[in-house]
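For the sequence shown, my numbering gives the first residue as 62, with consecutive numbering after it. We put the beta carbon where it would ideally sit given N, CA and C, even for glycine.
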Amino acid sequence: MTTFAEQARDVARTETSRIAAIAAAQAADRSGVAIRALISIDDMQRGVELIDQIWRPTDGMSIMNVEVLQALAGTESYVCGVFAGDLILGISVGMWGLPSTLSLHSHIAGVADSARGRNIGFALKLHQRAWAMARGIKTITWTFDPLVSRNAHFNLSKLGGTARVYHVNHYGTLLDDLNGEDETDRLKLEWDLAGSRASSCAALEQRNSAQVHTEPMLSRDPLSRPSLEDTSAAHVSVAVPTDIEALRHSDPGLASEWRLVIREVLGTLLAEGGQVEDFDRRANAYIVSKGTAV
């Protein structure tokens with residue numbers, strides 16, 4: 062027999078899911094798009110073509126294919142696109158995590174360059190959040206390059222995620238224009254869907270997080286090179302380049318230097334129990350709370 066407490070929890074989950082769906086619908090309306098599942102082979106083929114347009118593979122091979130999308134759709138995973146009429150502007154693909162974790166792993170998500178500046182990526186992630194919450198999922202994870210500051214800002218500040226895991230060369234060599242010849246280090250983003258940070262971000266509320274004393278552990282010198290700082294602060298900032306993708310083309314050596322320094326500094330902080338709490342856009346730096354082992 063269902064207890065009153067269990068009924069109350071069910072009602073709370075249903076209400077939270079309803080609010081998430083409303084926020085997702087409002088975000089799509091503000092961006093002037095519709096977000097829906099990719100169902101037909103034509104949908105999926107256009108999704109693959111969009112992915113190639115965004116990542117620009119350099120070996121002539123697609124980094125996704127229709128068969129994989131069809132297989133994921135067959136498991137009722139998240140395979141959705143963003144549309145303006147018949148034009149596809151964005152895509153996101155996620156797969157189920159371990160049943161015990163009640164999680165979804167978002168493998169790939171992107172928006173066409175022509176659609177930048179319309180908050181379509183934000184609308185797509187809110188759609189994914191609402192979709193997941195309606196199915197009882199509590200957490201969505203994904204990986205992103207810690208050197209790409211715009212993604213760090215989006216994932217941590219705009220969506221309200223956190224990160225506790227640093228993967229070294231997670232995908233090996235990727236033959237596409239975005240990654241170049243750089244190694245594929247990744248931060249694992251954790252998005253607590255019903256948490257206060259994610260909920261405030263979805264509602265476009267100003268987050269009134271407690272101000273903490275933060276000191277730089279890694280900054281940029283006047284030549285935009287990494288500069289290590291001595292600090293014993295419990296909360297530290299870890300700077301990254303302002304535009305690593307441009308730097309990979311203009312100065313590959315400096316881009317590689319940043320990769321190795323971020324790997325050492327941020328990777329060590331997280332390995333010792335630290336957590337990436339936020340991203341300071343003005344300083345172009347991660348805000349990290351140190352672990353107890355530090």
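Can you say whether residue i is buried or exposed, counting buried as having 16 or more other CB atoms within 10 angstroms of its CB?
| i | result |
| --- | --- |
| residue 142 | buried |
| residue 122 | exposed |
| residue 132 | exposed |
| residue 232 | exposed |
| residue 189 | buried |
| residue 100 | exposed |
| residue 310 | exposed |
| residue 161 | exposed |
| residue 276 | exposed |
| residue 16 | Here the chain comprises residues numbered 62 to 355, so residue 16 is not present and cannot be evaluated. |
| residue 314 | exposed |
| residue 287 | buried |
Do you know offhand how far residue i's Cα is from residue j's?
| i | j | result |
| --- | --- | --- |
| residue 149 | residue 244 | 30 Å |
| residue 145 | residue 171 | 15 Å |
| residue 299 | residue 291 | 12 Å |
| residue 217 | residue 125 | 26 Å |
| residue 154 | residue 168 | 6 Å |
| residue 117 | residue 89 | 26 Å |
| residue 213 | residue 147 | 31 Å |
| residue 77 | residue 273 | 30 Å |
| residue 246 | residue 220 | 21 Å |
| residue 351 | residue 336 | 7 Å |
| residue 285 | residue 312 | 11 Å |
| residue 152 | residue 293 | 43 Å |
| residue 307 | residue 178 | 19 Å |
| residue 130 | residue 248 | 24 Å |
| residue 345 | residue 326 | 16 Å |
| residue 164 | residue 206 | 21 Å |
Quickly, what does DSSP pair residue i with across the bridge? List them, please.
| i | result |
| --- | --- |
| residue 228 | 247 |
| residue 78 | Residue 78 pairs with nothing; no bridge assigned. |
| residue 287 | 281 |
| residue 183 | BP columns for residue 183 are empty, so no partner. |
| residue 145 | 148 |
| residue 97 | 142 |
| residue 203 | 250 |
| residue 155 | 139 and 167 |
| residue 296 | 275 and 350 |
| residue 113 | None, per the DSSP bridge assignment. |
| residue 336 | 350 |
Does the beta-carbon distance from residue i to residue j come in below 9 Å?
| i | j | result |
| --- | --- | --- |
| residue 85 | residue 176 | no |
| residue 208 | residue 316 | yes |
| residue 227 | residue 301 | no |
| residue 289 | residue 81 | no |
Within 9 Å of any Cβ in chain B, is that where the Cβ of residue i sits?
| i | result |
| --- | --- |
| residue 155 | Considering every chain present, this structure includes no chain B. It has just one protein chain. |
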